[in-house]
Amino acid sequence: IEINRMEKVLKSFKEYVNESFIIKDDVLSFDYSNTESTKMGKRIVMEPYKKGGKSTGGIDVYSVYNVHNQIDVIKSIKGKGPYTISSEDYQQFLKRTDLYISSKIIKSHKISTIITPKSSSGILNDLIVLLKKRNPHIKFLPETLIKVIDPNQIKIDYDHPKITDKISKRLEGIIRAAVKNKYFEIKKVDKRFAQFVSGYFESKDNVKFEDDDNIMILDDVVSSGSTFTEIHNIIKGYRYNNVIGTTIFKT
């Protein structure tokens, strides 16, 4: 009887995890009753997507949804893409993302502090509101890391063993253009070469962690992993127990 009950629980949770985004007639729907395989949704193995190694600065980054380079899906959920999404679907998406991160990531890694880079992403700010309500014991440090305004502070790692003269010149051209425009965006850099660039984030002066803090860096999307590498390099100078990254989407 106990085994049968457990099988029912697992089946139910798989149905909960296996969600998808469906595009039809320029309308983006969040189908949280879907039990079929989807290219844009959560993993059916009940665990978040994981990215790690050198590409993320040596920290593990967990993601809830995989949109397989469907950037228009992310833009549309943010209200800036070609598809429309209803308020009901958007709220259901946020609520279930909050529940999943809280139960599968925050709880599993005993997170005590959540930090975020400064972001114009409304979806990230909306999610934080829900995470705070569900996790009142956690210390939230929003906009802990600020994007550097002065492009002259951006650095190229010329000593990296994998960088070439061709890559260096390409990056130098991007930085020159940023200096001219007085604004630098890491997304302008090919994700294959983002690992060679640093200096585009800085921390607030009043940031403090405890020795036993388990920190989660929360962002909306991970692609190359360069943002997490940069953030990890910044907070290395602080004392804490452990650090992981979490995003809503991976591409």
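Residue numbers (my numbering): 108 to 358.
Cβ coordinates follow ideal geometry from the N, Cα and C atoms, glycine included.
Since this is a predicted model, take the numbers as computed values, not measurements.
Best match in the options for proximity to residue i [C-alpha to C-alpha]
i           : options               : result
residue 268 : 287, 351 and 300      : 300
residue 304 : 185, 335 and 319      : 335
residue 284 : 272, 257, 302 and 266 : 257
residue 220 : 319, 338, 358 and 343 : 319
residue 338 : 163, 130, 129 and 295 : 163
residue 229 : 185, 199 and 286      : 185
residue 245 : 213, 271, 273 and 279 : 213
residue 188 : 306, 199, 343 and 130 : 130
residue 362 : 289, 266 and 288      : Examination of residue 362 is not possible in this model, given that the chain is present from 108 through 358 alone.
Delimiting residues of the beta strand (DSSP E) encompassing residue i
i           : result
residue 194 : No beta strand (DSSP E) contains residue 194, which is instead part of the alpha helix (DSSP H) from 194-207.
residue 236 : Per DSSP, residue 236 belongs to no beta strand (DSSP E); it is in the alpha helix (DSSP H), 229-241.
residue 272 : Note, residue 272: premise wrong, no beta strand (DSSP E); alpha helix (DSSP H) at 272-288.
residue 221 : 220-224
residue 138 : 134-138
residue 168 : 168-173
residue 127 : 127-131
residue 355 : 349-357
residue 156 : 156-158
8 angstroms Cβ cutoff, residue i in contact with chain B
i           : result
residue 331 : This model lacks chain B altogether, as it is built from one protein chain only.
8 angstroms Cβ cutoff met for residue i and residue j
i           : j           : result
residue 183 : residue 231 : no
residue 174 : residue 180 : yes
residue 211 : residue 321 : no
residue 341 : residue 166 : no
residue 236 : residue 204 : no
residue 261 : residue 275 : no
residue 225 : residue 195 : no
residue 206 : residue 233 : no
residue 190 : residue 138 : no
residue 259 : residue 296 : no
residue 241 : residue 215 : no
Distance between beta carbons of residue j and residue i, contact taken as under 8 angstroms
i           : j           : result
residue 222 : residue 324 : 6 angstroms
residue 346 : residue 316 : 6 angstroms
residue 333 : residue 293 : 6 angstroms
residue 178 : residue 358 : 7 angstroms
First through last residue of the alpha helix (DSSP H) which encompasses residue i
i           : result
residue 329 : First-last for residue 329: 321-329, but that is the beta strand (DSSP E), not the alpha helix (DSSP H).
residue 179 : 178-184
residue 333 : 333-342
Do three or more CB pairs link the region 328-337 to the region 153-169 at distances below 8 angstroms?
With three or more CB-CB distances shorter than 8 angstroms, the region 328-337 counts as touching the region 153-169.
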